[in-house]
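Numbered continuously in the working numbering, the sequence shown closes out at residue 386.
Ideal Cβ positions, reconstructed from N, Cα and C, are used throughout, including at glycine.
Only a predicted model underlies this, so the values are computations on that prediction, with no experimental measurement involved.
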Amino acid sequence: MIDADRLKKNWSLVAAHGSQVPLYFYSTLFLTHPETRDLFPMNMAAQRDKLVTALGAVVSNVDTIDAVVPTLQALGRDHRKFGALRGHYPAVGDALLATLEHFSGPHWTPAIAADWTAAYELVAATMADAADAAAHYTPSWWDAEVVAHDRRDLETAVITIDPGTRLDYLAGQSVSLCTSLRPRAWRQYSPANAPRTDGTIELHVRAVDGGEVSTALVSLLRPGDTLRVGPATGSALTLRPGSGRIAMIAGGTGIAPMKALVEQLAAAPRPTSLYWGARSPAGLYCLDQMRALAARYDWLELVPCVDEDLFGSGVRVGAPADLAAAHGRCAGADVYLCGPAGMVEASRKHLAGAGVPAEAIHFEPSGA
Numbered sequence: 019m020i021d022a023d024r025l026k027k028n029w030s031l032v033a034a035h036g037s038q039v040p041l042y043f044y045s046t047l048f049l050t051h052p053e054t055r056d057l058f059p060m061n062m063a064a065q066r067d068k069l070v071t072a073l074g075a076v077v078s079n080v081d082t083i084d085a086v087v088p089t090l091q092a093l094g095r096d097h098r099k100f101g102a103l104r105g106h107y108p109a110v111g112d113a114l115l116a117t118l119e120h121f122s123g124p125h126w127t128p129a130i131a132a133d134w135t136a137a138y139e140l141v142a143a144t145m146a147d148a149a150d151a152a153a154h155y156t157p158s159w160w161d162a163e164v165v166a167h168d169r170r171d172l173e174t175a176v177i178t179i180d181p182g183t184r185l186d187y188l189a190g191q192s193v194s195l196c197t198s199l200r201p202r203a204w205r206q207y208s209p210a211n212a213p214r215t216d217g218t219i220e221l222h223v224r225a226v227d228g229g230e231v232s233t234a235l236v237s238l239l240r241p242g243d244t245l246r247v248g249p250a251t252g253s254a255l256t257l258r259p260g261s262g263r264i265a266m267i268a269g270g271t272g273i274a275p276m277k278a279l280v281e282q283l284a285a286a287p288r289p290t291s292l293y294w295g296a297r298s299p300a301g302l303y304c305l306d307q308m309r310a311l312a313a314r315y316d317w318l319e320l321v322p323c324v325d326e327d328l329f330g331s332g333v334r335v336g337a338p339a340d341l342a343a344a345h346g347r348c349a350g351a352d353v354y355l356c357g358p359a360g361m362v363e364a365s366r367k368h369l370a371g372a373g374v375p376a377e378a379i380h381f382e383p384s385g386a
């Protein structure tokens, strides 16, 4: 019997050492199992503590494992794109145990070691079994051709790709991308369209400071280039069933999954308000396209808004969540949030303060 409380306390003790934990983990992993180095990007800066944090959080909460089995299965299927095989899981487990022992110091006991081992084996088996099953019916990745690259401004590009063979996904999900311009570095993007009959996918990419992949996709990618695309993941932003009102709140390229949801809703319309914000009108990079959708669908209300409008463009001034709540659009509605992490968190807090129930607010947790 695994003592989950003991694992949680031990993980809290280890996690208190901060950035030293992933540094020790990766050093141990690459020194003891050098064959695993090729599973990770050459520049590890963006990787940071993602894997270690995820492992610790999931494994130490093994008492709720049934609740996260679908997530673990999705991760197992998704990690095939890295070339991860069942045989790699023990190496990661060995490095994790060595790291936990090192930072636990005198608090490390045979009982804690046995609990961590059993918990990790359960998680690894769930992921590996899902990956093995997926190998029978879906590729590990798709090689997609860039068929269009529309640079909207210095920071933003709308990219259309063709995976060739069908890539199944739901509006609101994300796919991961890898470019040969930045080998083995994968980043998540949400398609800006519901699935099309021709299989093409529209992606909205904004270059961020220090973002190797996003900068390459915006500045260096060209039509005819090839991107490697991983399977679709995530369910937080997928459409909930029902016939009630919907409020969408987006910031920047967070408009992408909202546009996909609007296209899906066209088949079974529901009253929908979409508040899209940016720092200035120039940041509303596909406003004409969104206005055309709103003109086509009488059930869709579009409210573009900005932090400041120095030249009187006519859009609303204010944060999208603040305006949506002030206009009463979130009351009794399913609310979907997407945008920069800070904007999403600020919006969530504002909506909660305005009385919107937590279960009605849907967003991808930061770092997901």
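query: Among Ala343, Val321, Gly346, Ala344, which residue has its Cα nearest to the Cα of Arg334?
result: Val321
- prompt: Which partner residues does Tyr354 have in the DSSP bridge list?
  reply: Met266, His380
- prompt: Taking the alpha helix (DSSP H) that Val39 falls in, what are its first and last residues?
  reply: 38-50
field: Local conformation of Thr156 per DSSP, three classes
entry: coil
message: Mapping the DSSP letters down to three states, classify Ile20 as helix, strand or coil.
response: coil
Span of the beta strand (DSSP E), counted from its first residue to its last, around Tyr315: From DSSP, Tyr315 is part of no beta strand (DSSP E); its letter is neither H nor E.
Cβ-Cβ distance between His167 and Leu114 below 8 Å: no
- request: Go through its chain and collect everything with a Cβ distance to Trp317's Cβ below 8 Å, but skip five positions before and after it.
  value: Leu283, Pro287, Arg288, Pro289, Thr290
task: In angstroms with no decimal places, state the Cα-to-Cα distance between Gly385 and Pro338.
output: Residue placement at Gly385 is poorly supported in this model, since its pLDDT is 40, which falls under 50; the coordinates still yield a value, given next. Answer to the nearest angstrom: the Cα atoms are 22 Å apart.
field: Residue range of the alpha helix (DSSP H) that includes Thr89
entry: 83-96
field: Closest by C-alpha distance to Gly105, when choosing among Glu119, Leu118, Leu57
entry: Leu57
- request: May I ask which residues mark the beginning and end of the alpha helix (DSSP H) holding Arg366?
  value: 359-371
task: Compare the C-beta of Leu41 against all C-beta atoms of chain C and say whether one is closer than 8 Å.
output: Here chain C cannot be found, since the structure has a single protein chain.
- prompt: In the region 217-303, which residue ranges form an unbroken alpha helix (DSSP H) of at least 4 residues, counting only runs that do not cross its ends?
  reply: 230-237, 273-283
- prompt: Whose C-beta lies closer than 6 Å to the C-beta of Asp325 among residues of the same chain, with five residues either side of it excluded?
  reply: Arg297
task: Identify whether Ser208 lies in helix, strand or coil by the three-state DSSP scheme.
output: coil
task: Specify, as a first and last residue, the run of the alpha helix (DSSP H) that Asp180 falls within.
output: It is not in any alpha helix (DSSP H) - Asp180 instead sits in the beta strand (DSSP E) that spans 174-180.
field: Spatial neighbours of Leu73 in its chain, beta-carbon cut-off 7 Å, leaving aside the 5 residues before and after
entry: Leu114
- prompt: According to the neighbour-count rule (16 or more other Cβ atoms, all chains shown, within 10 Å of its Cβ), is Asp23 buried or exposed?
  reply: exposed
field: Contacting residues, own chain, Cβ-Cβ under 8 Å from Arg263 (five flanking each side not counted)
entry: Arg288, Pro289, Thr290, Ser291, Arg347, Gly350, Ala351, Asp352
- prompt: Do the CB positions of Asp242 and Val164 come within less than 8 Å of each other?
  reply: Here residue 242 is Gly; the residue named in the question, Asp, does not match the sequence. Contact flag set, yes.
query: Between Val32 and Leu118, is the Cβ-Cβ spacing less than 8 Å?
result: yes
- prompt: Over what stretch of residues does the alpha helix (DSSP H) that includes Val110 continue unbroken?
  reply: 107-122
message: Could you pull the DSSP bridge partners for Thr197 from this structure?
response: Leu245
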